[in-house]
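Visitor: In this note's numbering, the protein residues as written are 455 to 697.
Below is a structure I'd like to ask you about.
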């Protein structure tokens, strides 16, 4: 009795292809919604500068103040109203970290960089404005700086996106002696007289969306790649079965 023969059975469809495709198609939109729809809030280091960096910057400003006869300071505030003096995220000056230039002894002439920190689910932004100063002639608060005095005088933008807001304001405030000299408020000083303080480098310039959401976008891209592979496998298997 002969054994019945027939054509070979078609190869079985990979059991993992279709479930993996469905999983990826569900997970990718969820991750994208989390990144751009506010489901997950990803805010990098939106806070005060490191204590060591603030102290080093205060020391550099103190040397500039001695050379120019003008005190310098910074104030990092939350971007909301009303703001009280006690609500400052970070305060410092040529008189020391944590010391306001407005009340520092011996500072009859001063410039203060005021920064507003605006945080959100998609990014955080630091607004840099010179809005408070005092000279021998006058003191004005809340208005534009005299003679168009702005942080842009030394090539810095007044609206920046940073992964480390604390380091950002310290680097900006170190431009104040240059701005004071540029506008004739104080005598210029040589770079050698004020050696740079050891600050942590700022993050590299890049796309803000990528920096803010890379923790979500990387898994989403990987899942999208897996979904593509599983879709290709499923289509090839379907065509083979139809032959």
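Positions of the beta carbon are idealized from the N, C-alpha and C atoms, including for glycine.
Being a predicted model, the structure only gives us computed values, none of them experimental.
Between residue 639 and residue 521, is the Cβ-Cβ spacing less than 8 Å?
Guide: Along the chain shown, one-based indexing puts residue 639 at 185. Along the chain shown, one-based indexing puts residue 521 at 67. Cβ distance not < 8 Å, so residue 639 and residue 521 don't count as in contact.
Visitor: If we call anything under 8 Å between Cβ atoms a contact, is residue 566 one with residue 625?
Guide: Locating residue 566 in the chain shown gives position 112, where the first residue counts as 1. Locating residue 625 in the chain shown gives position 171, where the first residue counts as 1. Cβ distance not < 8 Å, so residue 566 and residue 625 don't count as in contact.
Visitor: Measuring straight from C-alpha to C-alpha, what distance separates residue 689 and residue 675?
Guide: Mapped onto the chain shown, residue 689 falls at position 235. Mapped onto the chain shown, residue 675 falls at position 221. Distance between the alpha carbons of residue 689 and residue 675: 21 Å.
Visitor: What do you get for residue 686, buried or exposed, if any count of 16 or more other CB atoms within 10 angstroms of its CB means buried?
Guide: Sequence index remark: in the chain shown, residue 686 carries index 232 (1-based). Flag for residue 686 reads exposed.
Visitor: Around the C-beta of residue 672, are 16 or more other C-beta atoms found within 10 angstroms, so that it is buried, or is it exposed?
Guide: Locating residue 672 in the chain shown gives position 218, counting from the first residue. Residue 672 comes out exposed.
Visitor: Got a sec? Which residues, its chain only, sit under 7 Å from residue 630 by beta carbon, not counting five neighbours each side?
Guide: Translated into positions along the chain shown, residue 630 becomes position 176. So the list reads 526, 565, 567, once near-sequence residues are dropped.
Visitor: Rounded C-beta distance between residue 503 and residue 544? I'm assuming under 8 Å.
Guide: Here residue 503 refers to the residue found at position 49 of the chain shown. Here residue 544 refers to the residue found at position 90 of the chain shown. Yes, residue 503 and residue 544 are in contact; Cβ-Cβ is about 6 Å, under 8 Å.
Visitor: Cα-Cα, which of 634, 571, 548 is closest to residue 621?
Guide: As a first step, residue 621 is located in the chain shown; it is residue number 167 there, counting from the start. Answer by Cα proximity: 571.
Visitor: First and last residue of the alpha helix (DSSP H) that includes residue 503?
Guide: Numbered from its first residue, the chain shown carries residue 503 at position 49. That residue, residue 503, is in no alpha helix (DSSP H); it is neither H nor E in DSSP.
Visitor: Leaving aside the five residues before and after residue 653 along the sequence, list all residues of the same chain whose C-beta is less than 8 Å from its C-beta, in chain order.
Guide: Looking up residue 653 in the chain shown gives position 199. No answer about residue 653 holds up, because its pLDDT of 47 lies below 50 and its placement is not dependable.
Visitor: According to DSSP, is residue 694 helix, strand or coil?
Guide: As a first step, residue 694 must be located in the chain shown, where it is residue number 240. Helix at residue 694.
Visitor: Could you check if residue 596 is buried or exposed, using at least 16 other CB atoms within 10 Å of its CB as the buried criterion?
Guide: Translated into positions along the chain shown, residue 596 becomes position 142. Only weak support exists for where residue 596 lies, its pLDDT of 41 falling under 50; the coordinates are left without a value.
Visitor: Thinking just about the alpha-carbon of each residue, which of 641, 532, 548, 549 is nearest to the one in residue 541?
Guide: The count along the chain shown starts at 1 and reaches residue 541 at position 87. Measuring from the Cα of residue 541, the nearest candidate turns out to be 532.
Visitor: Let me know the secondary structure DSSP gives residue 566 once reduced to three states.
Guide: The residue you call residue 566 lines up with position 112 of the chain shown. Strand at residue 566.
Visitor: In terms of DSSP beta bridges, what is residue 529 paired with?
Guide: Taking the first residue of the chain shown as position 1, residue 529 is located at position 75. The partner list for residue 529 (beta bridge, DSSP) reads 545, 568.
Visitor: Thinking C-alpha only, which one of 552, 518, 696 is nearest residue 563?
Guide: In the chain shown, counting from the first residue as 1, residue 563 sits at position 109. Out of 552, 518, 696, 518 has the C-alpha closest to the C-alpha of residue 563.
Visitor: How about residue 551 and residue 505: do their beta carbons lie closer than 8 Å?
Guide: As a first step, residue 551 must be located in the chain shown, where it is residue number 97. As a first step, residue 505 must be located in the chain shown, where it is residue number 51. Yes, these two residues count as a Cβ contact at 8 Å.
Visitor: Out of 691, 694, 523, state which residue places its alpha-carbon closest to the alpha-carbon of residue 635.
Guide: In the chain shown, the residue the question calls residue 635 occupies position 181. With distances taken between Cα atoms, residue 635 lies closest to 523.
Visitor: Which residues share a DSSP beta bridge with residue 551?
Guide: Here residue 551 corresponds to residue number 97 of the chain shown, with the count starting at 1. BP columns for residue 551 point to 546.
Visitor: Let me know the secondary structure DSSP gives residue 524 once reduced to three states.
Guide: Your numbering for residue 524 matches position 70 in the chain shown. Residue 524: coil per DSSP, three-state reduction.
Visitor: Nearest CA to the CA of residue 514: which residue from 693, 695, 627?
Guide: Taking the first residue of the chain shown as 1, we reach residue 514 at position 60. Cα-wise, what sits closest to residue 514 is 627.
Visitor: What does the alpha-carbon distance come out to for the pair residue 633 and residue 641?
Guide: What you label residue 633 is simply residue 179 of the chain shown in a count that begins at 1. What you label residue 641 is simply residue 187 of the chain shown in a count that begins at 1. Rounded to the nearest angstrom, the two C-alpha atoms are 11 Å apart.
Visitor: Please classify residue 638: does DSSP put it in a helix, a strand, or coil?
Guide: For the purposes of this step, residue 638 is taken as residue 184 along the chain shown, with counting starting at 1. Residue 638: coil per DSSP, three-state reduction.
Visitor: DSSP state of residue 596, grouped into three classes?
Guide: Start at 1 with the first residue of the chain shown, and residue 596 comes out as number 142. At residue 596 the pLDDT is 41, less than 50, meaning the model places this residue with poor confidence; the figure from the coordinates comes in the next sentence. Note: residue 596 maps to coil in three-state DSSP.
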